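Engineer: Take this structure, written in structure tokens, and hold onto it; I'll ask about it next.
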Amino acid sequence: MLFGTRQTRGEDDRLIQGKGRYVDDIKLPGMLHVALVRSEAARAHVKVDVEAARSAPGVRAVFVATDLPASAKILPDCHPNPVLRNPRGPQVLADGVVRYVGEPIVAIVAESRYLAEDAAELVSVEYNLLPAVVDLERAMSDESRRVHEDLQSNLAARIPVSCGDTDKAFADAACIVRERLQIQRGAGQAMETRGIVAHWDPHAERMVVWNVSQVPFVHRTAIANALQLSENSVQVLNPDVGGGFGYKGLTYVEDLLIPVIARQLEVPIKWIEDRREHLIAAYHERTQLHDMEIATTADGVILGIRGKFLCDAGAYTPWGPVVPLLTAVNIPGPYKVPNYKVECDLVYTNTVPIAPVRGAGRPQACYVSERLLDAVARKLNIDGAELRRRNLIQAHEYPYDVGFISRDGTRRTYDSGNVPALLERALEMIEYDKHKARQKDYAAQGRHIGIGLACCVEDTGLGPFEEVGMTVELDGSVTVRMGTPSQGQGQRTAFAQIVADQLAVPFDKIKVLAGNTDNVRYSIGTFASRAGIVTGSAVLNASKQLRERALKIAGTLLQASPDDLTLEDGGVVRKDGGKLGRAMSLSDIVHTSLGESGAPLPLRDLGPGMSTVASFSPPTNTFATGCHAALVEVDPRTCKVSILKYVAVEDFGTMINPMIVDGQVIGGVGLGIGNAFLEKVVYDDSGQILTGTFMDYLVATTMDVPHVHIDYLATPSPLNPLGMKGAGQGGTIPVPAALSAAVEDALRDYGLRLRHVPFSESDIFAALQTARTGAAA
Amino acid sequence: MSAPQISLTVAFDVNGKSCARHNVEARRTLADFLREDMSLTGTHLGCEHGACGACTVLIDGAPARSCLTLAAQANGTQITTVEGLAHGAVLHPLQRAFKEKHALQCGFCTPGFLVAAAALLSENPDPTELQVREYLSGNICRCTGYQFIIAAVLAAAAEINGKAGSNV
Amino acid sequence: MKPPAFAYAAPETVAECLALKAAHGEEARFIAGGQSLMPLLNLRMVRPAVVIDLGKVRDLAYWRREGDDIAIGAMLRQRRLEQDKELATALPLLAEAVQQIGHPATRSRGTIVGSLCHADPAAELPVCALLLKAQLVLSSTKGRRTMAAEDFLTDALSTSIKDDELVEQVRIQTGRKGTGYAFMELARRHGDFALISVAALVAGTAGRVAIGGLGAAPLAFDLQAGDIAGEAQRIAQSLEPPNDLHATADYRRALAQTLIERALAKAAERSKT
Ligand code: FES
Ligand code: FES
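Chains as they are written, first to last, in the working numbering: chain A, 624 to 1400; chain B, 315 to 482; chain C, 121 to 393.
Okay, structure coming up:
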């Protein structure tokens, strides 16, 4: 059995030798290069003069908004949602007005990127500046400043989620705590930026596009519509992709622009986003401001949670209201919250649009609920672990009806889980009781050491389906074709493990092909921790079909009952170990059933060969859960935080390859640490972005991410045949909450309160001063 | 005296082979030169401002960011890229350890880490975990959280030392 | 992010460098390790007409003893402070500070003199140079002058260097017996520019600190009293550090106080061994 075991990756051999092929490595004859002129103003009417650029050395074409066909002027809303009252799609090239710094205005096409950038500097853009909308609260209160002048206000969507009777719960409560909690802007920042190579193939009459998409089929449709072609005239290919983290699962204006240019010029066109463009113009996430309150009994049992929050949409809504919706449904988390009411306003500002980044609204939700619980624990003087024990959904209470409708339109029901066990395991691994008992001794030694806890749920494995094609080749090797591309998750390895078990074929005889829209008929894509579950289950279904078929064909040929047969070592054997009339490998089966050229098909009832297409559709999403614990030490003078130990206990259901899952968890924690301490996109009051380089937008390094101690406790999901739950984001979600709690605990004697992430040393210092003056007042 | 030139001839050794190119623009970075002119696309560009380490190569044995080096500056030097780490079909112990320890996911940062780690092990064949972390702190990986990269470097060091030991 | 076009020259003698610089003046930039200049070029934040590479000049990558000083040539890479034991012993403060500069791949290209000339307000080496009253040797076709670090470092990214000059050498006093040195800083991440950095030396009852991360040129103070905590507070109170993305002025002032105190204490301890 390879399923469930550590298996090194087939992907790696090329990558460790520098033989990967990423989009920037693709070179086509005659290829031209694009550089974009981007807005330097957050809000302005613009006039553009491109004459000097047109005649610059090496320039072959210059595109402005009016050069684009009507079908490719505005990015379509790829995820329409009725709560989005006022959707506004990004302009492919800004047409007279710009709404954020970094918005593309002009595309220069030249013989090299160097020359394209030279010419871009010659474009003159006249900005007639308008006051920018940057501050979220002001965006809602000051209706005179509107991002979209045709709208009445900056409200893009209002999202209500509720269950029970919160008024009554709060009226009955013995303890009520209110908090204003803020999460600031962050970004995905994969090490490979975005990039596109587009090429009109006049022989096939097809637009061939290589890009870094997590959702190539979505992009195929969007490109086909923009070019007014049928989908069968567009092929989207994904070479090796250098990390996705959600934002490569979205559609951007360049995804349409570059194919449009390639179609018009009939030359291969390459655009590689540089890091600066990526920082200032690729979608961000996370900015939310929550005013929330929690009501409990005197024992700390939750009666209700209610409140409002604002979510910063940025200037457009390319991905609908998914992020705040996910926050709104995830705040109750793994806790019993009988009465719940939250309302979110999604607000336009003159900043980069937001869209899901690894975690996608859930780190915010986890931060809100866990910070509220920590505040209750403090107020009621109940130990934080004990308070959580009292409120967690117990193992026997699953499946658990949360009480409201979820993101996918179904009643939100946690299919399975046992978070109390995760909590206990995390407490044991972090040595909670020992460190709690010693906190006084540490203090006496002048050491400030604290522990933080956070539990979370993650809705994973969303529908509607994935499809997989599978063929046993004449030599007995297996080809798997699928629609969900990899951005580094090791799907080729994981899915081959499933196939190897079912078809008894050696791991290295299985080839998994992804990243080509010609591979399968339909697909949704790789995001929301879904590929492992949905595509993985489709792989299982396809392998089972081929397995059955192999036994059926073998049974016919050997005049044995298929029930007596099984597959072993790439061939058919008798289950009882008895001898077969003749040896029969998978290769023999394929050969025989395909017949001879020109002759009638030998097994007319069974049809030719060993090939199938199968799909899987989950009834609804499943729920992964986790509990993280952090032990930190803080120097109260410099405010430097050191993580002494970090523990992650996860329930991802059954796992195909625990080594790969470990990698997902640790990488997720790395991003979470950035979200807690380092990663912050900053705009000034005029909408200028101040974090345009990796010297200002800080991501965690080897010195920031500690060794992560991991354990798993599995409650298999009943919603898919393998019992899997997604593992892509669980590592990230609880980290900001757990680290905030740990730092507060370390400096509890100073009365430290942290109400926003990320927080820097300087922020801790400011919070300490607030605590000091608060105590003095 | 050498007059300033807009383009020039550059000549150096790459992975043990000497190469020369004429009419190279003075402003061309070593990274672009290797990737585009030499088709050595294993060297990656993650930031182009010296902040990620994806473009790390060895210049005369010392690690350098090829995005912060002009091709012209490298004239007359010996350059090693990720493509030059293996000896023919025999992978560098670091390459094997990276696979064995799952030190890569998307693989985009991997060439930079491998080259930097190779420089570390040639300077300090028996580093501590902290020394590995410090040495690699200029290389960013967004996928792995670094833990298995550190483990792989330590494992490769152990392998190299074990072999050296057995030869003595 | 590709550099704008420029012409490039790789002279082999200092005299040629100076002649080129004299001919092109402010239009020309020297490139040594390039670790400061190249990011600016890639971001097109500077656009020199001519780039003069010091890398091919014979005899600039030296260090040698000159009396009580170590003389360091313009092409000596920062990593030499880590790898050359004799140099590290001679310059204990710089050897400690160099660990905080960027990363091995930047230190193996970046030069000591280059960092002084770039004069980033948060860089480590200018702070050390100021503390140790380093002397810079500036050459041009017209001659040569020597200038103290204090006069050389005028502001953030600004020095007293003239358009036709090259900093050919820096001279730094060797570590003295009975004097203790310490370098401390706090950065958001290891290898980043410091929020505040402090270099300190203590010899008997005398002491001196230099502070970087102030948004302008680093500042140095000679101690007026023996009470370290009091002195740290006095000095920190006089600072006017910047408010920026990464830290507030108040935090930086408080951090400076802590680091001055700690660096002086460590230097004092080291002065006794
Ligand atoms: S690409 Fe050179 S350091 Fe990032
Ligand atoms: S493996 Fe993806 S960035 Fe390191």
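All residues carry an ideal CB built from backbone N, CA and C; glycine is no exception. For clarity, every value in this text was computed on a predicted model and none was experimentally measured.
Determine the chain B residues that contact A743/A at a beta-carbon separation under 8 Å, and present them in chain order.
Structural biologist: Walking along the first sequence from the start, residue 743/A turns up at place 120. The contacting residues do not exist; A743/A stays about 15 Å from chain B at best.
Engineer: Give me the subset of the segment 317-344 of chain B whose CB atoms are less than 9 Å from a CB atom of chain A, sorted by chain position.
Structural biologist: Flagged, chain order: E339, R341, R342.
Engineer: So what does DSSP say about H901/A, is it helix, strand or coil?
Structural biologist: Counted from its first residue, the first sequence places residue 901/A at position 278. Helix, per DSSP.
Engineer: K1268/A lies in the beta strand (DSSP E); which residues open and close that run?
Structural biologist: Along the first sequence, read from residue 1 onward, the residue named residue 1268/A stands at position 645. Looking at the DSSP string, the run of the beta strand (DSSP E) that includes K1268/A is 1264-1274.
Engineer: Apart from the five residues just before and just after T1316/A, which ones in its own chain have a Cβ nearer than 8 Å to its Cβ?
Structural biologist: Within the first sequence, numbered from 1, the residue matching residue 1316/A stands at position 693. Closer than 8 Å at the Cβ level, and outside the excluded window around T1316/A, lie R898, R899, L902.
Engineer: Under 8 Å by Cβ, that's how I've got Q255/C and R227/C pegged, so tell me the actual separation to the nearest angstrom.
Structural biologist: Stepping through the third sequence from its first residue, residue 255/C is reached at position 135. Stepping through the third sequence from its first residue, residue 227/C is reached at position 107. Incorrect: roughly 23 Å between the Cβ atoms, too far for contact.
Engineer: May I ask you to report which of helix, strand or coil DSSP gives P986/A?
Structural biologist: By one-based count along the first sequence, residue 986/A stands at place 363. Residue state, collapsed to three classes: helix.
Engineer: Cβ-heavy atom distance between C369/B and ligand 2 below 7 Å?
Structural biologist: Translated into the one-based positions of the second sequence, residue 369/B becomes position 55. False, no ligand heavy atom lies under 7 Å from that Cβ.
Engineer: Of all the CB atoms in chain B, is at least one closer than 8 Å to the CB of A129/C?
Structural biologist: On the third sequence, position 9 is the one that residue 129/C refers to. Yes - at least one Cβ of chain B is within 8 Å of the one on A129/C.
Engineer: Could you have a look at D1199/A and say whether DSSP puts it in helix, strand or coil?
Structural biologist: What you label residue 1199/A is simply residue 576 of the first sequence in a count that begins at 1. Here D1199/A sits in coil by DSSP.
Engineer: Helix, strand or coil for A325/B per DSSP?
Structural biologist: Position 11 of the second sequence, counting from 1, holds the residue named residue 325/B. Correct three-state label for A325/B: strand.
Engineer: Taking just the CA atoms, how far does T1033/A sit from N1411/A?
Structural biologist: Outside the shown range of chain A (624 to 1400) lies residue 1411/A, about which nothing can therefore be said.
Engineer: How would you label L752/A, buried or exposed, when you count the other beta carbons within 10 angstroms and need 16 or more for buried?
Structural biologist: Here residue 752/A is taken as the residue at index 129 of the first sequence, counted from 1. Exposed, because fewer than 16 other Cβ atoms sit within 10 Å of the Cβ of L752/A.
Engineer: Taking Cβ positions, are E305/C and I316/C nearer each other than 8 Å?
Structural biologist: The residue given as residue 305/C occupies position 185 in the third sequence. The residue given as residue 316/C occupies position 196 in the third sequence. It is a contact, given that the beta carbons lie within the stated cut-off.
Engineer: Note down the Cα distance separating V1157/A from N337/B, rounded to an integer number of angstroms.
Structural biologist: Looking up residue 1157/A in the first sequence gives position 534. Looking up residue 337/B in the second sequence gives position 23. Approximately 53 Å between the Cα atoms of the pair.
Engineer: Per DSSP, which one or two residues make a beta bridge with Q911/A?
Structural biologist: In the first sequence, the residue the question calls residue 911/A occupies position 288. Paired residues: I806/A, C934/A.
Engineer: Just the C-alpha distance for E744/A and N363/C, rounded to the nearest angstrom, thanks.
Structural biologist: As a working mapping, residue 744/A is identified with position 121 in the first sequence. As a working mapping, residue 363/C is identified with position 243 in the third sequence. Looking at the two C-alpha atoms, the distance is approximately 32 Å.
Engineer: Should the segment 320-340 of chain C be regarded as contacting the segment 266-276 of chain C, the criterion being three or more beta carbon pairs within less than 8 Å?
Structural biologist: The segment 320-340 of chain C vs the segment 266-276 of chain C: in contact.
Engineer: Assuming A739/A and V657/A make a contact with CB atoms under 8 Å, what is their CB distance in whole Å?
Structural biologist: Start at 1 with the first residue of the first sequence, and residue 739/A comes out as number 116. Start at 1 with the first residue of the first sequence, and residue 657/A comes out as number 34. Sure, about 6 Å apart at Cβ, within 8 Å.
Engineer: Would you say A813/A lies against chain B (beta-carbon separation less than 8 Å)?
Structural biologist: In the first sequence, the residue the question calls residue 813/A occupies position 190. It does; some Cβ of chain B falls within 8 Å.
Engineer: I'd like the list of long-range same chain contacts for Y971/A, defined as Cβ closer than 6 Å, with 5 residues on each side in sequence excluded.
Structural biologist: Taking the first sequence and counting its residues from 1, one reaches residue 971/A at position 348. Excluding sequence neighbours, Y971/A sits near V770, N777, A779, A936.
Engineer: Looking at E362/B and ligand 1, is the gap between the Cβ and the nearest heavy atom below 7 Å?
Structural biologist: Looking up residue 362/B in the second sequence gives position 48. Within the cutoff, so yes.
Engineer: Which runs of the beta strand (DSSP E), 3 residues or longer, sit entirely within the segment 209-243 of chain C?
Structural biologist: Counting whole runs of 3 or more residues, the segment 209-243 of chain C contains no beta strand (DSSP E) stretch at all.
Engineer: Cβ-heavy atom distance between C366/B and ligand 1 below 7 Å?
Structural biologist: If you number the second sequence from 1, residue 366/B lands on position 52. Within the cutoff, so yes.
Engineer: Is the closest heavy atom of ligand 4 to the C-beta of F422/B under 7 Å?
Structural biologist: For the structure depicted, ligand 4 is absent and the ligand set comprises only ligand 1 and ligand 2.
Engineer: Would you call V1080/A buried or exposed, if buried means 16 or more other Cβ atoms sit within 10 Å of its Cβ?
Structural biologist: Indexing the first sequence from 1 puts residue 1080/A at position 457. The residue in question, V1080/A, is buried, as its Cβ has 16 or more Cβ neighbours within 10 Å.
Engineer: Classify N709/A as helix, strand or coil using the three-state DSSP reduction.
Structural biologist: Indexing the first sequence from 1 puts residue 709/A at position 86. Note: N709/A maps to coil in three-state DSSP.
Engineer: So who's on the other strand from V669/A, going by DSSP bridges?
Structural biologist: Along the first sequence, one-based indexing puts residue 669/A at 46. The partner list for V669/A (beta bridge, DSSP) reads Y750/A.
Engineer: Reducing DSSP to helix, strand and coil, say where V952/A ends up.
Structural biologist: Taking the first sequence and counting its residues from 1, one reaches residue 952/A at position 329. V952/A: helix per DSSP, three-state reduction.
Engineer: Tell me the DSSP bridge mates of W472/C?
Structural biologist: Any question about residue 472/C goes unanswered here, given that chain C covers just 121 to 393.
Engineer: Starting from D647/A, find everything on chain C with Cβ-Cβ shorter than 8 Å and list it in chain order.
Structural biologist: If you number the first sequence from 1, residue 647/A lands on position 24. Correct list: empty, because the minimum Cβ distance to chain C is about 13 Å.
Engineer: Within the continuous beta strand (DSSP E) that includes H1332/A, where are the two ends?
Structural biologist: Residue mapping note: residue 1332/A aligns to position 709 of the first sequence, counting from 1. Residues 1331-1335.
Engineer: Between Q419/B and ligand 2, is there a pair consisting of the residue's CB and a ligand heavy atom that are separated by less than 7 Å?
Structural biologist: Here the question's residue 419/B lines up with position 105 in the second sequence. Yes, ligand 2 has a heavy atom inside 7 Å of this Cβ.
Engineer: Could you tell me which residues DSSP puts in a beta bridge with D968/A?
Structural biologist: In the first sequence, counting from the first residue as 1, residue 968/A sits at position 345. In DSSP, D968/A forms a bridge with R781/A, L933/A.
Engineer: So what does DSSP say about K205/C, is it helix, strand or coil?
Structural biologist: In the third sequence, counting from the first residue as 1, residue 205/C sits at position 85. Helix, per DSSP.
Engineer: Is any beta-carbon of chain B found at less than 8 Å from that of G787/A?
Structural biologist: Position 164 of the first sequence, counted from the start, is the residue given in the question as residue 787/A. Chain B contact via Cβ: absent.
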